[in-house]
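What follows is a single structure, written as structure tokens, with notes after it.
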Amino acid sequence: MDGGARMTVAHYLNQFFAGLGGEEHAGQEPVRLDGPTGPGRGLAAAGLSVDVTLVCGDDRFGEHEDASLATLLGWLDELRPDVLVCGPSFGSGRYGYACGVLAREAGRRGIPVVAAMTPDSPGVIAAEGAAYVVPTGSSVAAMRETLPVVASLASRLAAGDAIGAPEDEGYLPRGLRRNVLSDRSGAARAIDMLLAKLAGDVRTEVVPTADRVPPPPALADASDATVALVTEAGCVPQGNPDRLPSRHANVWLRYPLDGVDSLTADGYGTVHAGFDTTAANADPNRLVPLDAARRLEAEGSIGRLHDAFYTTSGVDTPVATAATFGREIAEELISSGVQAVILTGT
Amino acid sequence: MPSTLADLEIATFAIDEIVEGTQTGRSDRRLSVSLPQLAVGAGHPALAEATVEVVRPGDPVRITNVLDAVLPSVKAEDPAGTFPGVLGPLAHAGRGRTNRLDGVAVLSVCNWEASGHAEAGTFPDAFVDMAGPGAGLSPYGGTVNMVLRFRPSEGAPVAEADRAIRIETLRVARDLAAITLGDDPDGIAPVRLPQPGESDSSLPAVAVILQVASEGPLLDTLLYGEPLGGLVPTLLDPREVVDGALTNGAYDWAGVRNHTATYQRATLVRELLAGHGDRLRFAGLILALGYLDTARQKQRSAMLSARLAEQLGADGVVCTTFSSGNSHTDTMLTVRACERLGIRATALVCETNGGLTDHVPEADCLVSTGNEDELVEPWTPGRIVGSDGPGRAGERVPTWSYLGACVQTGDERWTAAPA
């Protein structure tokens, strides 16, 4: 540890590892303890001095996730630790899940997090790449070999040091892709890989995400459905009042359709940088088919048109950003009671 | 087989310093350049101003609005014939000796938005950092750069201004290299095209599909000075590529921009030639467009490229990619079309934070040229060259801002790894 400002270390445990009781105490409400407890002492022995231990019962977290999380995050906001350690939770499903969720939320608040659990723990998925997860065996017998790895990662994260590759540092890949210099050019690697492929050994440096979305079942009765219009065609009110970027958009926007029956060229246009926009600007209904949707609504083919349309410009948008937009828009549409979407792309 | 007169050879001259002087000349690894003699920008009505500045690795400088990078080169036996179709008369490139400077690049810079030739926000950032956390991303963070900053004349047609900039940039590249004429090079690399049937036919035959794009002024790739828009896939002698027949006039995404130096270096071709007769047979190079507008155009181009590869007798192809997003679809369709003809394919692609814009199951052998969306830590340069604006000083900057960082031609060593 360096001789600079003292770092603050927080540690999350379930009721059992905090010594507050076994399964009969799994309903334990969140509690905050000073100093290290249980495995926290092992962390101290490995060079990481725990200042505060946060505890929650496994059932309590599972059954009252929002409230438990709010309490725990409130303490973290107050403490502003330099690093948070969750677990190790080994093969425990409920404990692992709680560690993963807390790790994710703390990570998104900018707190470096190290957790430890089995690679198939639900906590790994719950963490969504926001934490360094050290893989462990399924039983507490793995404690001795796990704690030094956790302590080392946590100390260096707290000090702001760079962390190396997963296989070198002993954590699970977080789904992030970091630029590194190969010792050989892309050309040399391509030729080697092609010759290997020709010899029957197929290798790749890029594994596309397996994120294929199965189509949902068709609407049982569209005449009863609320339908929303969503587009990545960059359609905005004239003058682009909210400054939707033409490319690499970092936002999606919502514009009201109350009392609007058609998108006129005077009122709307596109800022999309990825296609010749002349025809679209002459009739913005071809970006967002409001005219046709209003007709369907009037004749009863669809129940009701949602009272706003959603827009962004899909040009060189990172996949992760686009996925976030999709999730956010979908959540809003679901909470607004929308059952179907007409998504217009370019 | 000894090199014949018809073959191309690249004679390299290592340079590690360029200084302004009253006389133009070379002393060992140091070039002295008289800027008045160079007269950059003179005689082009479409250009209002051109300034020249040398920046070096380690300088606290961020170069912005970078258009192109050119390796200084000159035809040793016929200097006036360098960059045929642009500077020299139309004649085949790729024959005889070319002198090339190593360690030096000519960078053209222009702020099209400031001169009123493009709307604000049209062009994404295009940086070269000579120091700081981004210095290693662009290959030109490590070269001595002669930066030519152009200001187009007000009201000059954009295509005219761009043409003048491209001519002047190539001319300076030629004239810098011409300082070496008559001198002994540090090294000579033959670029010899194999003759049919000269090597073991049991070796796998490998072709290259070089993807370029040409969408109009400021977005064009040029062959012998002419834009390639409308091109159907064609065979091209790779020696012509190495020797300046292909030049860049496309100024979109800097990190994945095929700039002129990537064609001149042609690392993929040179690696294939190095392996020719030993572990493979080099079957040839196909030039094809990416960034095509419609699904039908993309499918047609992929189909025709694959058929050319088949006619070359290729067992395998390496597909390169121009820019990202849209063109990843062109690459994927080309991979698929080749595989359907029984030609095994690999492709070079950059990643976008772990994602690909498009993917086909046949693309099971991909080379990653890096994650273009990774953010680079903030840096405040001592000086910005190429803009009067703040140049994102102190901001986190995406990797795609750095010229050539993730270029998908195979010339660079960046790749992406899990973290």
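Line by line, the protein sequences give chains W and D.
Per the working numbering, the very first residue in the first sequence carries number 68; after that it's consecutive.
Per the working numbering, the very first residue in the second sequence carries number -4; after that it's consecutive.
Beta carbons: idealized from backbone N, C-alpha and C, even for Gly.
Exercise. What distance in whole Å lies between the Cβ atoms of leucine 80 (chain W) and serine 222 (chain W), which are believed to be in contact at a cut-off of 8 Å?
Worked result: With 8 Å as the limit, serine 222 (chain W) and leucine 80 (chain W) do not qualify as a contact, their Cβ atoms being about 19 Å apart.
Exercise. Comparing the C-beta of leucine 351 (chain D) with each C-beta of chain W, is any distance below 9 Å?
Worked result: At least one beta carbon of chain W lies nearer than 9 Å to the beta carbon of leucine 351 (chain D).
For this session: Less than 8 Å between the CB atoms is what I'm expecting for leucine 143 (chain D) and valine 104 (chain D), so what's the real figure, rounded?
Result: Contact flag correct, Cβ pair sits at about 7 Å.
For this session: For the alpha helix (DSSP H) holding histidine 373 (chain W), just list the boundary residues, first then last.
Result: Where histidine 373 (chain W) is concerned, there is no enclosing alpha helix (DSSP H), although the beta strand (DSSP E) it sits in stretches over 371 to 378.
Exercise. Would you report the Cα separation of leucine 176 (chain D) and valine 371 (chain D), rounded to the nearest angstrom?
Worked result: Taking the straight line from one Cα to the other gives about 41 Å.
Problem set entry | Cβ of arginine 481 (chain W) within 9 Å of any chain D Cβ | Past the edges of chain W, shown from 68 to 413, lies residue 481 (chain W), and the structure says nothing about it.
For this session: Can you grab the Cα-Cα spacing for the pair methionine 298 (chain D) / glycine 150 (chain D), in whole Å?
Result: Each residue's alpha carbon lies about 42 Å from the other.
Exercise. In this structure, does DSSP put methionine 210 (chain W) in helix, strand or coil?
Worked result: Here methionine 210 (chain W) sits in helix by DSSP.
Exercise. Grouping DSSP H, G and I as helix and E and B as strand, with all else coil, what is cysteine 360 (chain D)?
Worked result: Cysteine 360 (chain D) falls in the coil class under three-state DSSP.
Exercise. Are three or more beta carbon pairs between the segment 302 to 318 of chain W and the segment 378 to 389 of chain W nearer than 8 Å?
Worked result: Segments in contact, yes.
Problem set entry | Where leucine 267 (chain D) meets chain W, residues with beta-carbon distance less than 7 Å | The contacting residues are Ile258.
Exercise. Is alanine 77 (chain W) near proline 148 (chain W), with beta carbons less than 9 Å apart?
Worked result: For alanine 77 (chain W) and proline 148 (chain W), yes; Cβs fall inside 9 Å.
Exercise. For leucine 316 (chain D), which three-state DSSP category applies?
Worked result: Per the sequence shown, residue 316 (chain D) should be read as threonine rather than leucine. Reduced to three states, the DSSP call for threonine 316 (chain D) is strand.
For this session: Counting only the same chain and skipping the five closest in sequence on each side, list residues whose C-beta sits under 6 Å from that of valine 186 (chain D).
Result: Counting only Cβ-Cβ distances below 6 Å, and skipping sequence neighbours, we find Leu3, Arg234 and Val237.
Exercise. Between W:Ala197, W:Thr185, W:Asp250 and W:Phe83, which lies nearest to arginine 424 (chain D) when the distance is taken from Cα to Cα?
Worked result: Here chain D covers residues -4 to 414 and nothing more, so residue 424 (chain D) does not appear.
For this session: Could you spell out the range, first to last residue, of the alpha helix (DSSP H) harbouring asparagine 243 (chain D)?
Result: DSSP places asparagine 243 (chain D) outside any alpha helix (DSSP H); the residue lies instead in the beta strand (DSSP E), whose first and last residues are 241 to 245.
For this session: Name, in chain order, the residues that DSSP records as bridge partners for glutamine 206 (chain D).
Result: Glutamine 206 (chain D) pairs with D:Ala283.
Problem set entry | Simplified DSSP assignment, three categories, for leucine 354 (chain W) | DSSP places leucine 354 (chain W) in the coil class of the three-state scheme, outside both helix and strand.
Problem set entry | Pairwise C-alpha distance: proline 212 (chain D) and isoleucine 281 (chain D) | Cα to Cα, isoleucine 281 (chain D) sits roughly 24 Å from proline 212 (chain D).
Problem set entry | Paired residues, beta bridge with arginine 161 (chain W) - DSSP | Beta bridge pairing from DSSP links arginine 161 (chain W) with no other residue.
Exercise. Looking only at DSSP bridge pairs, what is isoleucine 5 (chain D) linked to?
Worked result: Looking at the DSSP assignment, isoleucine 5 (chain D) forms a beta bridge with D:Thr93 and D:Ala184.
Problem set entry | Start and end residues, beta strand (DSSP E) containing glutamate 346 (chain D) | Boundaries of the beta strand (DSSP E) harbouring glutamate 346 (chain D): 339 to 346, taken from the DSSP string.
Problem set entry | Local Cβ density within 10 Å of threonine 289 (chain D), reported as buried at 16 or more and exposed below that | By the Cβ neighbour-count rule, threonine 289 (chain D) is exposed, with fewer than 16 other Cβ atoms within 10 Å of its own.
Exercise. How would you list, in chain order, the residues of chain D whose beta-carbon sits under 8 Å from the beta-carbon of valine 247 (chain W)?
Worked result: Contact annotation for valine 247 (chain W) against chain D: Trp409, Thr410, Ala411 and Ala412 [CB-CB distance below 8 Å, chain order].
Problem set entry | Min CB distance tryptophan 107 (chain D) to chain A below 9 Å | The structure shown contains no chain A; its protein chains are W and D.
Exercise. By DSSP, does aspartate 118 (chain W) sit in helix, in strand, or in coil?
Worked result: Three-state result, aspartate 118 (chain W): coil.
Exercise. Just the Cα atoms here: how many angstroms apart are valine 167 (chain D) and leucine 169 (chain W)?
Worked result: Each residue's Cα considered, the two are about 59 Å apart.
Problem set entry | Below-9 Å beta-carbon distance, arginine 147 (chain W) vs any chain D residue | The beta carbon of arginine 147 (chain W) sits no closer than 9 Å to any beta carbon of chain D.
For this session: Out of W:Gly129, W:Thr345 and W:Asp358, point me to the one whose CA is closest to leucine 330 (chain W)'s CA.
Result: The shortest C-alpha separation from leucine 330 (chain W) is found at W:Asp358.
For this session: With 9 Å as the threshold, decide whether the Cβ of cysteine 333 (chain D) is near any Cβ in chain W.
Result: Taking Cβ atoms only, chain W never reaches closer than 9 Å to cysteine 333 (chain D), which makes this a no.
Problem set entry | DSSP three-state assignment for phenylalanine 392 (chain W), whether helix, strand or coil | The answer is helix: DSSP assigns phenylalanine 392 (chain W) an H, G or I state.
Problem set entry | 8 Å CB neighbourhood of alanine 332 (chain W) in its chain, flanking five on each side removed | So the list reads Asn348, Ala349, Asp350 and Pro351, once near-sequence residues are dropped.
For this session: Would you tell me roughly how many angstroms separate the C-alpha atoms of glutamate 305 (chain D) and arginine 241 (chain W), rounded to the nearest one?
Result: Just so you know, the alpha carbons of glutamate 305 (chain D) and arginine 241 (chain W) end up roughly 41 Å apart.
Exercise. Which first and last residues belong to the alpha helix (DSSP H) in which proline 233 (chain D) is found?
Worked result: Where proline 233 (chain D) is concerned, the enclosing alpha helix (DSSP H) starts and stops at 233 to 237.
For this session: Report, in whole angstroms, the separation of the C-beta atoms of valine 50 (chain D) and asparagine 140 (chain D), which I expect to be a contact under 8 Å.
Result: Rounded to the nearest angstrom, the Cβ distance from valine 50 (chain D) to asparagine 140 (chain D) is 5 Å, consistent with a contact under 8 Å.
Exercise. Just curious, the beta strand (DSSP E) that glutamate 44 (chain D) is in, first and last residue?
Worked result: Unbroken beta strand (DSSP E) run through glutamate 44 (chain D): 42 to 50.
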